[in-house]
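Student: Below you will find the structure I want to go over with you.
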Amino acid sequence: VQHMSSNGEIDFINKPREVDLRRTFTFRNSKQTYTGIPIIAANMDTTGTFEMAKVLSKCCSAT
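First residue of the sequence shown: 745, per my numbering; consecutive thereafter.
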């Protein structure tokens, strides 16, 4: 499987488990950092619930 690295070069990934989806974000004003998987749940009655937030937090994600 081909993968484009952050420096623009093509890299080859042999197994899906070698892919790391976590990213680190530094917030501009507070300078705090967050490391997790950038997945966003829609703000709707069935997906933007507290239960969904609990499940996503187990997977290093946030709503």
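C-beta: ideal position from N, C-alpha, C; glycine also.
Report back the beta-carbon spacing between residue 766 and residue 781 to the nearest angstrom; my notes put them in contact at under 8 Å.
Tutor: Contact flag correct, Cβ pair sits at about 6 Å.
Student: Who does residue 769 pair with in a DSSP beta bridge?
Tutor: DSSP, once it has assigned bridges, lists 778 as partnering residue 769.
Student: Using the Cα positions of residue 777 and residue 802, report the straight-line distance between them to the nearest angstrom.
Tutor: Spanning the two alpha carbons is a distance of roughly 18 Å.
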